[in-house]
Amino acid sequence: MTDITDLLLNRRTVRKYSSEAVGDDLLNVLLKAGCRSSTTGNMQVYSIIVTRDINKKRELLPLHFNQQMVTEAPVLLTFCADFNRFNRWCILRGAQPGYDNFLSFMTAAIDALLVAQTICIAAEARGLGSCYLGTTTYMAHKIIEVLKLPEGVVPVTTITLGWPAEHPEQIDRLPLLAVVHKEMYSDYTDSDIERFYAEKEERD
1 MTDITDLLLN RRTVRKYSSE AVGDDLLNVL LKAGCRSSTT GNMQVYSIIV
51 TRDINKKREL LPLHFNQQMV TEAPVLLTFC ADFNRFNRWC ILRGAQPGYD
101 NFLSFMTAAI DALLVAQTIC IAAEARGLGS CYLGTTTYMA HKIIEVLKLP
151 EGVVPVTTIT LGWPAEHPEQ IDRLPLLAVV HKEMYSDYTD SDIERFYAEK
201 EERD
């Protein structure tokens, strides 16, 4: 097991995977770890769709802009903001849910993203690689159809998961000075922007 700080400081996105399967026992450990994430009011207003079936992956492939890792990774995890389950619990107990609003969606989306990141960290600590797919929000309406998500369930992110077949270069990050503000927000000068983004422009 890797030291968690070293793991985070050295993490990188993996887009190429070996054909070796991710066993059910290991995946369940990762999912359980994810479900220990902090959530708003301990409501756990999220759901995780596990996709292993190659035919289902092929359906999802064009919705993720034909990124081959969607079908090549052994496991695809789609994280959803989910008030469907919580709303039904409220109704069964004779309560009016009242969660059909933007604030509730944000609450559920944050919960789902916290779980996703916890699973990524736990997976990488076990030697697995992962990649976030930002395409999920672009094609949410189509993903809803493929995964048969009911009303109140919205996909917010997807990760590919598997054993790495590459050790990619670690990509740049903005310096701490660019993103950390002390006591209050400090707006940027033009020279700050030039300095902070210089490395990104050099790499491009």
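Under the working numbering, the first residue of the sequence shown carries the number 1, and numbering increases by one thereafter. Idealized CB from N, CA, C, for every residue including glycine.
| Quick one: what's got a C-beta closer than 8 Å to Lys142's C-beta in the same chain, skipping five residues either side? | Leu63
- Please state whether DSSP places Asp82 in a helix, a strand or coil. In the structure shown, Asp82 sits in a strand (DSSP, three-state: E or B).
>> Helix, strand or coil for Ile48? Go by DSSP, reduced to three states.
In response: strand
Count Cβ pairs between the stretch 158-167 and the stretch 94-102 that sit closer than 8 Å; are there 3 or more?
no
At the level of alpha carbons, what is the spacing between Gln96 and Leu7?
44 Å
Quick check on Gly41: does DSSP put it in helix, strand or coil? helix
- Message: Helix, strand or coil, according to DSSP, for Cys90 in the structure here?
- Response: helix
- Starting from the C-beta of Glu199, find all residues in its chain whose C-beta is less than 6 Å away, skip the five residues before and the five after it, and write them out in chain order. Asp172
### Message
With three or more beta-carbon pairs closer than 8 Å as the criterion, would you say the stretch 116-125 touches the stretch 20-39?
### Response
Proximity of the stretch 116-125 to the stretch 20-39 meets the contact definition, three or more beta-carbon pairs being nearer than 8 Å.
Next on the checklist: Quick check: the Cα distance between Asp111 and Tyr46, rounded to an integer number of angstroms?
Outcome noted: 6 Å
| What number of angstroms, rounded off, separates the C-alpha of Ile4 from the C-alpha of Gly94? | 44 Å
Arg203: which of Asp187, Ser186, Asp190 and Leu174 sits nearest, CA to CA?
Leu174
message = Assess contact between the stretch 131-139 and the stretch 151-158, defined as three or more Cβ pairs (one per stretch) separated by less than 8 Å. Is contact present?
response = yes
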